[in-house]
Every structure is written in C-alpha cells, then in structure tokens.
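S.K.: As given, the protein sequences belong to chains Z and S, one line each in that order. Throughout, the numbering used here is defined as the position within the first sequence, counted from one, plus 7. Throughout, the numbering used here is defined as the position within the second sequence, counted from one, plus 8. Virtual Cβ for every residue (Gly too), placed ideally from N, Cα, C.
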Amino acid sequence: MDWTLVANVVAAGLLTGLVYGLMALGLSVIFGVVRVVNFAHGEMMTVAMYAAVALFAAWKWDPFLAMLPVALAFFFLGYLLQAGLINPFITRPEHSQFMLLVAVAIIMVNALLMSFGPDARNVQVDYQLESFEAGPLLLDKARAYAAGAALAAAAALFAFFRYTLTGKAIRACADNWLGAKVIGLDVKRLYALTFGLGSACVAVAGCAMVLLVDVSPPLGPYYTLLAFVIVIVGGLGSMGGALLGGVLIGVSEALAGLFITPSAKSMFSFGLLILVLLLRPQGLLGRRA
Amino acid sequence: MTQRITRRTFNRAAAAAGALAAFAPFGIVRAQAQKLRVGVLLPRSGIQGFIGQSCQKGADLAPEVIREMLGVEIELMNADTESNVDVARTRAERLIQEGAHVLVGPFDSGAAAAIAQVAEQRGIPFIINIAAAPQITEQGYKFVFRNFQTAIDIVRNGLDLIGELFQVTNTVPRTAVFMHVNDTFGQAMAKGIGATLPQRTHLPFRIVETISYDPAAKDLTVEVSKAKGTNADFLLLVCRLNDAIILRREMVKQRWQPMGIISPGSPGMYEEQYFKTLGKLSEYSISNVPWYNPNAKLTKIVEKAFLKRNPNDKLVYHGLNVGFTFEAILVAADAFKRAKSTDPKTLADAIRQTNITEKMTLGGPIKFNAKGQVEGIGSACVQNLDMLPKVVLPRAAAEAKPVFPVPGYRKA
Chain Z
8 MDWTLVANVV
18 AAGLLTGLVY
28 GLMALGLSVI
38 FGVVRVVNFA
48 HGEMMTVAMY
58 AAVALFAAWK
68 WDPFLAMLPV
78 ALAFFFLGYL
88 LQAGLINPFI
98 TRPEHSQFML
108 LVAVAIIMVN
118 ALLMSFGPDA
128 RNVQVDYQLE
138 SFEAGPLLLD
148 KARAYAAGAA
158 LAAAAALFAF
168 FRYTLTGKAI
178 RACADNWLGA
188 KVIGLDVKRL
198 YALTFGLGSA
208 CVAVAGCAMV
218 LLVDVSPPLG
228 PYYTLLAFVI
238 VIVGGLGSMG
248 GALLGGVLIG
258 VSEALAGLFI
268 TPSAKSMFSF
278 GLLILVLLLR
288 PQGLLGRRA
Chain S
9 MTQRITRRTF
19 NRAAAAAGAL
29 AAFAPFGIVR
39 AQAQKLRVGV
49 LLPRSGIQGF
59 IGQSCQKGAD
69 LAPEVIREML
79 GVEIELMNAD
89 TESNVDVART
99 RAERLIQEGA
109 HVLVGPFDSG
119 AAAAIAQVAE
129 QRGIPFIINI
139 AAAPQITEQG
149 YKFVFRNFQT
159 AIDIVRNGLD
169 LIGELFQVTN
179 TVPRTAVFMH
189 VNDTFGQAMA
199 KGIGATLPQR
209 THLPFRIVET
219 ISYDPAAKDL
229 TVEVSKAKGT
239 NADFLLLVCR
249 LNDAIILRRE
259 MVKQRWQPMG
269 IISPGSPGMY
279 EEQYFKTLGK
289 LSEYSISNVP
299 WYNPNAKLTK
309 IVEKAFLKRN
319 PNDKLVYHGL
329 NVGFTFEAIL
339 VAADAFKRAK
349 STDPKTLADA
359 IRQTNITEKM
369 TLGGPIKFNA
379 KGQVEGIGSA
389 CVQNLDMLPK
399 VVLPRAAAEA
409 KPVFPVPGYR
419 KA
C-alpha cells in the first residue's frame, strides 16, 4: 500500500483524535475531581454544536469565534448544574447520580428535538473544503484548525490546574477531599467550578466538531459512549490520558478503516478498550487505585 | 317499585341484540366503503429524513388528485419511521390498530422487510412505494406488493445505461472503485452488481476495489482516501442522501477528481437537498434510476397539485419520490374502487388484479405478478446539469447531452 495514503489517513485520524481528546478531557476532569460520571457529556457537546450552528445562522459567526461565548455560557451552565442539581447528590448512592445525569441527557436530547427538529445541520465556512498541502500530505483546513483549538484549550486547562491557586485548590480536592475541607477550602464551590471548566471544554470541542460533522439531536449518546471509551483507555481522571486516548482512538479507527473495512472501524475502538481493560485496567496513564 | 324481567322481555331483548349483531357487519362495511384509510409510513426524520419528506409530498397531494380522478375518498394516516427499522415495525402495528385499511411506504428496504412481516401477520395489504431489496417479494407473501424495481432490475438497467453513456460520450474507462452503503439496500445492490457485471462483457471497466461504509457515517475521510488510493477512473456509488453529501465534500477536500461519479441506481444525488447543500459541487453527478415521465398526462396533473401545495418547489427534485409514492396510493385507491370494500383480503385480491396504464413513472403498466412485483419499470440516466437533474439517456427521452468525463477531470 502507498505510504502517502497511510500518512494522510493517520494525519486525519490524529487531528480528529485531538478533538475527541478535548471532549473526553472535560469528562475526565469532572470525574477526577467531583467523582461524578457525567452521563450527559455527549449531549452537552451536541448542545454546544447547536449553539455554534445557531450563532452561525444568526450572525455568520465562525465556530472558532463562537467558541468564546459558547464556552463562557457552558461554564456558567455547568457551574449552576453542579451547584444546584448535582451537589445534593454527591453523598447519595452512585446509581442515583447516574440516573440524575441520564435524565438530564434525555431532557437535553428532547429539548434539541423540540427546538431544532430531527434533521442534521451544519455550518458552511469559506475554508471548509480547503486543504493544506505539505508535500504528499493533504490536511483538511477545518480539521487542522479544530485540532489546533483543541490543543490550545487543553494547554490552557493544564496551565490553569498547574499554575493558578484555584487550580491547585481543585487538585487538592481531587487528591484528598477530607484534607481539603479541613484546611478550609470551599469544596462544593470548587466542585461547581470544576464542572463549569469541564463543560467549557466540551463547548470548545463541540464548536470545533461542528466543522467536521453535521449535528443532529441523536448524536449525543454516541459521543457520550465515545468519551467513556477514550477516558477508560487513557485513564479515568488523567488529563494527559484523555488526550492520548482521543488520539489513539482517532488513529486506530482511521487505520482499521484503511486496512480492514471502513464500515467496521468503530469496532476497533471497542477492541482497544477491551485490550486496555485486560492488560492495564487503570488505563494507559491512569493511577492504580 | 321494582320492575321484574319477564320471559317475554328477555326474549325481546335477545332478539333485538341478535338483530343488531346480525346487521352490524353491514353497517361496518357501509361505513368503511365511504373512505379508504391509508397508513403512510415514511422516514420523515433521521438520516433519511429529507427523502422521507420528499416522498410525503407525493402522499399529501394524493387524496385530492385521486378524488378528482376516481371519485374515491382517502384518509391518510401518517407515521414517521424515523429512519429506524424497529420504529417502522411498531408504527406499522399501531397504524393497523388504529384502523388503517392499507399500508404504503416506506422508502427503505430494511423498513419495508419489517413492515412486510407485520402486514402479512395481520393480513393487511402493504404497497411498497420505494424499496429495492429483492427478497421482500420473494417470501411468498400474500399481502405485500411493490411498484418499484428490485435491486437486480435497478443494477441491470443501471449498468446498461452506463454502457450507453460510455458509447455516447466515446469514453473507455478501464477501472472503477465501487463504494456502497452497508445497509439492506446497499448490500442488495452490491450483490446485484457482483452477479450482473460479469455478464455485461461489453462494459469496458472492472471494479478494482469495493468499499462499504456505514449509512449513518459522520465522516468519510478514510473511505475517500482509500478510494482515491485505488487511482480508479471513475467512482461507482450506491449511496443515500446524507452520505452522498459528505462523500462529495470529502472528495473536494482530498482533491480527488475521477472521470465522474456514477450511481448504478440509488437515491441521493438527484435530491433537492444535494443541490442545496453542495451548490456547484452537485454538478455532473450521474444517477441511473427509475424515473418519472415529465410528459405523461398524469405527471401534468400531479405537478399542478404539487405546485399548488409547494409553490416555491420544483417537481423535478422530487419526481421519483413523489411519483412512486403517489402511484402506491393510487394502486390502493383503484383497488378500493373496484373492490367496493375495505375488507383486507378483498382489497388484496383487487390489488392483484391492478392494471393501471395511465401512470406517472417510466415503463409499462402497473400490473403485479404472482409475487406481488411490478415488472417492466423503466430507468433513466439522470445527470445534474445547470443545478437540475436532467434526463440525458435514453436518447428518446433526453433533455440534455451527457457530460463525461466531467470538466476539471485529470488523471490523478
């Protein structure tokens, strides 16, 4: 097989994988700190995609421009969701939390169906059909920009957690919940802040993703499942693991499509998941419990 | 004062009840005979939503047109299959429970196979508007009828038209890459091509690679890369609408310019949404499909009703979907008129005797064979030219000359 073909497919898989990674990063951050599995994660991304579509339709805002207001809105939405709805469930059994978030997910899908109808929508920007040419490599411009935005958002999140006091406080909560309370940290506020940050990540990923795929309400559960696969492969709670998992899933799907059969490519994501669960149950970059 | 029930009172009441019971069926028949309730099952949402909505336009205009034509009253009972086989099955069950006398639809082979089982079990006639998987009319069903080509017929006609296209344009492509959706319809078409192509020895090309893909695929980057990598002369494509749009965009992104895209018989590339979404990129795509006859008397009548309901639309974008959906309801109405009954078995027997010569679509009269299949439905080679699907072959019906290879073509 021609190596340029393989290189092109790997490059496309890598770029898409970075956007997947950012989406999963939000899930991983929320779980790593709040210890709540967000079953409405994919649905939240779908809402962000629709927000980008609506802003484009109303004012011709490029999805990359829409990222800022949508991320900000999602930060507050996530903050309020955690502070108002999820915090009371933190001490309740896990199945109560699951059902709560599944209910939120179902409400989101139906609200989208009522607002936008069942048909797929997209945005048409000028550069959507253009590609960068680097020797034999052809890189889809929208995909390359989306991957760049994903990398920038991930880097900003890493920097926030590493260098800011609030970020360090959130990490302290994640490491030792009781210790954080003892030294006087407002844990519930920090949880809400974390959920807000995770939601903002999803919003950026959604605005980037809308350039790659058409959006329809039933897309949510697919992305929730994909985010779970990615964070489990990368390591639940590990930020680097989420990005790595995204890239691995993106590239493995692309290669499986090329070498085996495209219609069975998602089967390989799950194959990879099973392999990781068997050989390294904590995920590639996850810490052993 | 209490009133006792005497023997005489009881006998009178029993006689009255008996008389009511005895005459009740006549009452029902009389009531039923006034109006035919047609359950229309279409994928009005989901991945086939746009095509389902296009078919629905054909159903919506049918009651008015048929009342004028046959003097028959029709009540439509619409149901959305949501492009989902399981939903199609449950909606069919519900329509029957709610009193549908006949089912029509559903623009999808998978859904048609599921509805056919329900219709057969419940003994309700089911007239397929569009669905090509051959096995649907090969099961020995007594209540299932199809006024549409089977995948084998579509492929046979489609390949013959490809041969004619190459002859007319004086081109000799040597290789093709075959891409198809991996659903019931796509697999039936792939099977048909596998069986028919070796027999068509006059065709100059061979298939160098077959690539199947998920009809709900959101990204076809890998598939198009793989197809481009074959360096084939042209793309032989069995698609739906959404995937056709994604695929065409991806071809542009990857700068893949084969001699052309030719469908041997599938929806997608002649649909209005394909033109609306892709603009100029929709140009030159070729579909060899069962088509409608723009000059037929019935087409003129349907077009008038279509434009009355959809003043900003053009029939040419919906001709196939509207034509076959309208004809399916026409078959039901015609049978109802002859049978003068909504009894399912009587209706099914009447449908079997159908002989409609005044039709909208290309080909011979609507007559069902013993399997419930109409034979002799014609195909046309339709190319997107000047932002419209135009018949370019057969020559007798051509509105324009075919363009092949497409402009901008260069050997990759």
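By the 8 Å beta-carbon criterion, what residues does the region 135-146 of chain Z contribute toward chain S?
M.R.: Under the 8 Å Cβ criterion, the region 135-146 of chain Z contributes Q135, L136, E137, S138 and L145.
S.K.: Can you confirm whether the region 203-213 of chain S touches the region 223-239 of chain S when touching is taken to mean that 3 or more C-beta pairs between the two stretches lie within less than 8 Å?
M.R.: Too few Cβ pairs lie closer than 8 Å, so no.
S.K.: Helix, strand or coil for S:Q40, going by three-state DSSP, please let me know.
M.R.: Residue placement at S:Q40 cannot be trusted, given a pLDDT of 45 that sits under 50; what the coordinates show is reported in the next sentence. Helix.
S.K.: I think S:K367 touches S:E407, with their Cβ atoms under 8 Å apart; what is that distance to the nearest whole Å?
M.R.: Actually they do not touch by this definition, with Cβ atoms about 20 Å apart.
S.K.: Going along chain Z in order, which residues have a C-beta closer than 7 Å to the C-beta of S:N392?
M.R.: Residues of chain Z passing the Cβ test: none, with the nearest at roughly 18 Å.
S.K.: Assuming S:V339 contacts S:I309 under a Cβ cut-off of 8 Å, what Cβ separation, rounded to an integer in Å, is found between them?
M.R.: So it is not a contact: roughly 16 Å between Cβ atoms.
S.K.: Jot down the residue ranges of each uninterrupted alpha helix (DSSP H) in the region 293-335 of chain S, minimum 4 residues, whole runs only, in chain order.
M.R.: Complete alpha helix (DSSP H) runs here, min 4: 305-317.
S.K.: Might you give, ordered along the chain, the residues of its own chain that have their beta carbon closer than 6 Å to the beta carbon of Z:Y198, omitting 5 neighbours on each side?
M.R.: V41 and Q89, listed in sequence order.
S.K.: What does the alpha-carbon distance come out to for the pair S:G268 and S:P415?
M.R.: Each residue's Cα considered, the two are about 9 Å apart.
S.K.: May I ask which residues mark the beginning and end of the beta strand (DSSP E) holding S:R214?
M.R.: Unbroken beta strand (DSSP E) run through S:R214: R214 to Y221.
S.K.: Give me, in chain order, the residues of the same chain whose beta-carbon lies closer than 6 Å to that of Z:L12; leave out the 5 immediate sequence neighbours on both sides.
M.R.: Counting only Cβ-Cβ distances below 6 Å, and skipping sequence neighbours, we find nothing.
S.K.: Tell me the rounded alpha-carbon separation between Z:P288 and Z:G252.
M.R.: Answer to the nearest angstrom: the Cα atoms are 14 Å apart.
S.K.: Given a limit of 7 Å on CB to CB distance, which residues of the region 219-247 of chain S reach chain Z?
M.R.: Answer in chain order: I219, S220, Y221, D222, K226, D227, T229, V230, E231, S233, K234 and G237.
S.K.: Curious, which full-length alpha helix (DSSP H) runs of at least 4 residues does the region 337-372 of chain S contain?
M.R.: Complete alpha helix (DSSP H) runs here, min 4: 352-360.
S.K.: So which residues on chain S does Z:D9 lean against when the C-beta distance must stay under 8 Å?
M.R.: By Cβ distance, chain S contributes G237.
S.K.: When you compare only the Cα positions, how much space is there between Z:A80 and Z:C214?
M.R.: Z:A80 and Z:C214: Cα-Cα distance of roughly 13 Å.
S.K.: Report the neighbours of Z:D221 on chain S: residues whose CB is nearer than 9 Å to its CB, in chain order.
M.R.: What Z:D221 touches in chain S: K226, N250, I253 and I254.
S.K.: Looking only at its own chain, which residues have a Cβ that is under 8 Å from the Cβ of S:P402, when we skip the five neighbours before and after it?
M.R.: Excluding sequence neighbours, S:P402 sits near L169, E172, A388 and C389.
S.K.: So S:S53 contacts chain Z; which residues on that side make the cut at Cβ distance below 8 Å?
M.R.: Neighbours of S:S53 on chain Z, chain order: G124, P125 and D126.
S.K.: Considering only C-alpha positions, which residue in the set S:V297, S:T354, S:K348 and S:P352 is nearest to S:G327?
M.R.: Measuring from the Cα of S:G327, the nearest candidate turns out to be S:V297.
S.K.: When the Cα of S:K398 is compared with those of S:S91, S:E101, S:L315 and S:F283, which residue comes out closest?
M.R.: Minimum Cα distance to S:K398 is reached at S:F283.
S.K.: Where Z:G293 and Z:T173 are concerned, what is the direct C-alpha to C-alpha distance, given to the nearest angstrom?
M.R.: Z:G293 and Z:T173: Cα-Cα distance of roughly 23 Å.
S.K.: Report the neighbours of S:R263 on chain Z: residues whose CB is nearer than 9 Å to its CB, in chain order.
M.R.: In chain order: S138, E140 and L145.
S.K.: Check the Cβ-Cβ distances between S:V260 and every residue of chain Z, and say whether any is below 9 Å.
M.R.: It does: the Cβ of S:V260 has a partner Cβ on chain Z nearer than 9 Å.
S.K.: Spell out whether any CB of chain S is found under 9 Å from the CB atom of Z:S276.
M.R.: Judged by the 9 Å Cβ criterion, Z:S276 is not in contact with chain S.
S.K.: Considering only residues of the same chain and omitting the five flanking positions on each side of S:E217, which have a CB-CB separation below 6 Å?
M.R.: Cβ neighbours of S:E217 beyond the five flanking positions: V185 and T238.
S.K.: Going along chain S, which residues have a C-beta under 8 Å from Z:G264?
M.R.: Residues of chain S passing the Cβ test: V230, E231 and K234.
S.K.: Quick check on S:N190 - is its C-beta less than 9 Å from some C-beta in chain Z?
M.R.: Closer than 9 Å to some Cβ of chain Z, the Cβ of S:N190 qualifies, so yes.
S.K.: For chain S, check one thing: does any of its Cβ atoms lie closer than 9 Å to the Cβ of Z:V16?
M.R.: It does: the Cβ of Z:V16 has a partner Cβ on chain S nearer than 9 Å.
S.K.: Identify the residues that DSSP records as bridge partners of S:D251: which are they?
M.R.: None; S:D251 has no bridge partner.
S.K.: Starting from the beta carbon of Z:K272, find every residue of chain S whose beta carbon is closer than 8 Å, and list them in chain order.
M.R.: Those within 8 Å of Z:K272 in chain S are V230.
S.K.: Do you know offhand how far S:L249's Cα is from Z:F139's?
M.R.: If you take the alpha carbons of S:L249 and Z:F139, they lie about 28 Å apart.
S.K.: Residues in the region 276-290 of chain Z with C-beta within 9 Å of chain S's C-beta atoms, listed in sequence order?
M.R.: Under the 9 Å Cβ criterion, the region 276-290 of chain Z contributes no residue.
S.K.: Counting only beta-carbon atoms, is Z:E260 nearer than 9 Å to chain S?
M.R.: At least one chain S Cβ lies under 9 Å of Z:E260.
S.K.: Below 7 Å CB to CB, which residues in the same chain sit around S:A32 once its five sequence neighbours on both sides are set aside?
M.R.: Any reading at S:A32 must be qualified, since the residue scores a pLDDT of 45, below 50, and its modelled position is unreliable; no value is offered.
S.K.: For Z:V111 and Z:M30, what's the separation of their Cα atoms in angstroms?
M.R.: The alpha-carbon atoms of Z:V111 and Z:M30 are separated by roughly 18 Å.
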